[in-house]
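Per my numbering, the sequence shown starts with residue 288, numbered consecutively. First the structure, in the form of structure tokens, and then the observations on it.
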Amino acid sequence: MRKLFLLALLLSSATFFSTQVFAQSGGQNPSLIMYRWNGGGISPQPVVQGNLLGTVRWDGLTGVGSIKTGASIQSFVKNPVAPGFLMGNMIFRTSGAAGLTDRVIITENGLVGIGEMNPQYHLHVLGNTHTTGDFFGRIHFDNNANTNDAPNTYIDEAYFERKNRSMLSGGLALPVTAGDVGGILTLAPGGTSLDHQIYFGEDGMWTRRKTGNAADWTGADWFKMLTGENIHGTENQLTKFTGPNALGDSRLFDNGLRVGIGNSAPATDLDITGATRVNGNLGVGMLPTTFRLDVSGDSRLSGSAQVTGNLDVDSDANIDGSIQVDGNGRVDGRLVIGNPPTAPGSHMLYVNGSVIATEVKVELQGSWPDYVFANNYSLMPLSEVEKYVQEEKHLPGIPDAEEVAENGLGLGEMQKIQMEKVEEIFLHLIELEKRVKALESQNEQLKAENATLKAQSGNGAQRN
288 MRKLFLLALL
298 LSSATFFSTQ
308 VFAQSGGQNP
318 SLIMYRWNGG
328 GISPQPVVQG
338 NLLGTVRWDG
348 LTGVGSIKTG
358 ASIQSFVKNP
368 VAPGFLMGNM
378 IFRTSGAAGL
388 TDRVIITENG
398 LVGIGEMNPQ
408 YHLHVLGNTH
418 TTGDFFGRIH
428 FDNNANTNDA
438 PNTYIDEAYF
448 ERKNRSMLSG
458 GLALPVTAGD
468 VGGILTLAPG
478 GTSLDHQIYF
488 GEDGMWTRRK
498 TGNAADWTGA
508 DWFKMLTGEN
518 IHGTENQLTK
528 FTGPNALGDS
538 RLFDNGLRVG
548 IGNSAPATDL
558 DITGATRVNG
568 NLGVGMLPTT
578 FRLDVSGDSR
588 LSGSAQVTGN
598 LDVDSDANID
608 GSIQVDGNGR
618 VDGRLVIGNP
628 PTAPGSHMLY
638 VNGSVIATEV
648 KVELQGSWPD
658 YVFANNYSLM
668 PLSEVEKYVQ
678 EEKHLPGIPD
688 AEEVAENGLG
698 LGEMQKIQME
708 KVEEIFLHLI
718 ELEKRVKALE
728 SQNEQLKAEN
738 ATLKAQSGNG
748 AQRN
């Protein structure tokens, strides 16, 4: 048997002219050595990175003249070599339906990959694993989120065990059930930290805890965790705690499309049934600012609205009902009252209906007609006024009926024109008064002259 093995090694080495095999099958240090170099046998050269150091292969005869490899082990140089320094790996290959395939690798750094030929951990498995024996080690649960602790500082452990529940005494015991055996998970952070246990039984999950350095579980009561029998709820209805260990429906409904508060059939994205109170600032269509309510876009109030503070409307506002302002009111744009049949044009206030006020003040932008009393004012003679009225059927400077019907009547401008006409009338009256007084003076003079003539005429008649 030993001769056959040595013969196989010699045949294997014959395929690599730069590799020699040394074997010692007995003695104190039996070994099998594959020695690789580059170049000829007279002047051998060092191996280089990527060189195959050697192969151990298991072949089999599969037919007449057909020999196939069933498995092999290879080693490759994994670093630039230097005198006294060489790094190599080992690759285990087996032949399956796809032929000879890499299965396991041990890297030059001692990382082992099973199905993963580029392992990143000491044991890196690609695929499922199954363990039938005991596993000894630690599973770390670290809460030091802001530190970078070295692996050798971890002392926390997790235990997975099969337990008879009747043995888990100490405090308030587990209730006796038909299924007496279950699984238990123990989390032990170490030191004086609390050790926690979770027991998985047929009646649900139970938990207890005790200081990690305690000698037993005395005083550690078992408490039942929430399970299916404690959870009651309606589809799409958000849950709430209805007791210390029970869940039930809340008033919040969410079907993934719409949210309802107080109702289970929301008609909009958010549908609230009942009174609503917002203590902070609210933005609709925009981020909230310093105002209690900011609305970006059109808004509509179909009922009554009461605002105890300021109400600012930056765009158009249509009010179909009544509006009452107890404080100051300000409208920076146009104000239309009474639903007019036509657009108000450029006017700032449009009222379709009567207006009553105890006082109206109009501030004119132009000059008041005091210019009528200026010495250089050209006063139209009454004869020309008469002629103009006969032709135009209205006073000079006064809009006619057609213009008023089409464009309306400017209150301030009309007051100005009317005052101008009143002042012109007074000028005509003053002129007429002067003429009347002059005529009266002439009349008195004529009366005096007539009396003198009558007196002289009477005296002459007496002398005759």
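Glycine is no exception: its CB is placed at the ideal position from the N, C-alpha and C atoms.
Here's the rule I'm using: 16 or more other beta-carbon atoms within 10 Å means buried, otherwise exposed. How should residue i be labelled?
{"i": "LEU740", "result": "exposed"}
{"i": "GLY547", "result": "buried"}
{"i": "ASP482", "result": "buried"}
{"i": "GLY400", "result": "buried"}
{"i": "THR752", "result": "The structure shown does not extend to residue 752, since the chain is modelled only from 288 to 751, so the question has no answer here."}
{"i": "GLY383", "result": "exposed"}
{"i": "ALA688", "result": "exposed"}
{"i": "GLY341", "result": "buried"}
{"i": "ALA507", "result": "buried"}
{"i": "GLY375", "result": "buried"}
{"i": "GLY469", "result": "buried"}
{"i": "LEU455", "result": "buried"}
{"i": "VAL364", "result": "buried"}
{"i": "ASN439", "result": "For ASN439, the predicted model reports a pLDDT of 40, less than 50, meaning its position is unreliable; a value from the coordinates is still stated below. It counts as exposed."}
{"i": "GLN732", "result": "exposed"}
Since residue i and residue j should fall inside the 8 Å C-beta cutoff, what is the C-beta to C-beta distance between them, to a whole number of angstroms?
{"i": "TYR675", "j": "PRO683", "result": "5 Å"}
{"i": "GLU485", "j": "GLU448", "result": "According to the sequence provided, residue 485 is Ile. The question's Glu does not apply to it. Contact flag wrong, Cβ pair sits at about 11 Å."}
{"i": "GLY357", "j": "TRP345", "result": "5 Å"}
{"i": "MET512", "j": "THR494", "result": "6 Å"}
Kindly list the residues whose CB is nearer than 7 Å to the CB of residue i, restricted to its own chain and excluding five residues on each side of it in sequence; keep chain order.
{"i": "GLY572", "result": "VAL582, SER583, GLY584"}
{"i": "ALA735", "result": "none"}
{"i": "LEU410", "result": "VAL399"}
{"i": "PRO553", "result": "PHE540, ARG545, VAL546, GLY547"}
{"i": "VAL638", "result": "ILE624, GLY625"}
{"i": "ILE704", "result": "GLY684, ILE685"}
{"i": "ALA738", "result": "none"}
Can you tell me which residues form a DSSP beta bridge with residue i?
{"i": "LEU474", "result": "ALA445, HIS483"}
{"i": "HIS411", "result": "GLY400"}
{"i": "GLN361", "result": "THR342, ILE378"}
{"i": "LEU622", "result": "LEU636"}
{"i": "TRP493", "result": "TYR486, LYS511"}
{"i": "ASN500", "result": "Note: ASN500 sits in no beta bridge, so no partner."}
{"i": "GLN332", "result": "ASN325"}
{"i": "ALA742", "result": "For ALA742, which the question treats as bridged, DSSP gives no partner whatsoever."}
{"i": "ASN451", "result": "VAL468"}
{"i": "LYS355", "result": "GLY347"}
{"i": "THR388", "result": "THR381"}
For residue i, collect the residues of the same chain with a Cβ closer than 8 Å to its Cβ; drop the 5 residues on either side in sequence, then sort them by chain order.
{"i": "THR526", "result": "ILE518, GLY520, LEU534, GLY535, ASP536, SER537"}
{"i": "ALA756", "result": "Outside the modelled stretch of the chain, which goes from 288 to 751, sits residue 756, for which no answer is possible."}
{"i": "THR464", "result": "ARG452, GLY488, GLU489, ASP490"}
{"i": "PRO757", "result": "Shown here, the chain extends from 288 to 751; a query on residue 757 therefore has no answer."}
{"i": "LYS680", "result": "ASP687"}
Please work out which residues of its chain come closer than 6 Å, Cβ to Cβ, to residue i, disregarding the five sequence neighbours upstream and downstream, and give them in chain order.
{"i": "VAL391", "result": "PHE379, ILE401"}
{"i": "SER480", "result": "GLY499"}
{"i": "THR473", "result": "TYR446, GLN484"}
{"i": "ILE354", "result": "ASP346, LEU348"}
{"i": "TRP504", "result": "GLY457, LYS497"}
{"i": "PRO331", "result": "TRP324"}
{"i": "SER359", "result": "THR342, ARG344, ARG380"}
Give me the residue from the options with the minimum Cα distance to residue i.
{"i": "TYR322", "options": "GLY357, TRP345, SER362, LEU348", "result": "SER362"}
{"i": "TYR658", "options": "PRO406, ASP613, VAL709, ILE643", "result": "VAL709"}
{"i": "PHE487", "options": "ARG496, SER480, ARG452, ILE643", "result": "ARG452"}
{"i": "THR595", "options": "GLU727, ILE606, ARG587, GLY616", "result": "GLY616"}
{"i": "VAL335", "options": "TRP324, ASN746, ASP421", "result": "TRP324"}
{"i": "SER589", "options": "LEU580, ARG579, PHE578, ILE606", "result": "ILE606"}
{"i": "LEU413", "options": "ASN396, ASP389, ASN737, GLY745", "result": "ASP389"}
{"i": "ALA369", "options": "PRO333, MET377, LEU339", "result": "PRO333"}
{"i": "LEU698", "options": "ASN662, GLU650, SER670", "result": "GLU650"}
{"i": "ARG579", "options": "ARG587, SER586, ASN568", "result": "ASN568"}
{"i": "SER654", "options": "GLU707, PRO627, GLN611", "result": "GLU707"}
{"i": "VAL672", "options": "PHE660, PRO462, ILE712, ALA501", "result": "ILE712"}
{"i": "GLY561", "options": "ASN550, THR555, GLY570", "result": "ASN550"}
{"i": "THR555", "options": "ASN542, ASN694, GLY745", "result": "ASN542"}
{"i": "ARG621", "options": "ASP613, GLU522, GLY632, PRO628", "result": "GLY632"}
{"i": "LEU666", "options": "GLN677, VAL642, HIS715, GLY640", "result": "HIS715"}
{"i": "GLY406", "options": "MET377, ASP421, ALA385", "result": "Note that residue 406 is Pro in the sequence shown here, rather than Gly. Comparing Cα-Cα distances from PRO406 to each of MET377, ASP421, ALA385, the minimum goes to MET377."}
{"i": "PHE660", "options": "LYS648, GLY640, ILE717, GLU700", "result": "ILE717"}
{"i": "THR577", "options": "VAL723, ASN597, ASP613", "result": "ASN597"}
{"i": "ALA475", "options": "MET492, ALA501, ASP467", "result": "ALA501"}
Looking at chain C, is there any beta carbon in it that lies within less than 8 Å of the beta carbon of residue i?
{"i": "SER665", "result": "In the structure shown, chain C cannot be found, because there is only a single protein chain."}
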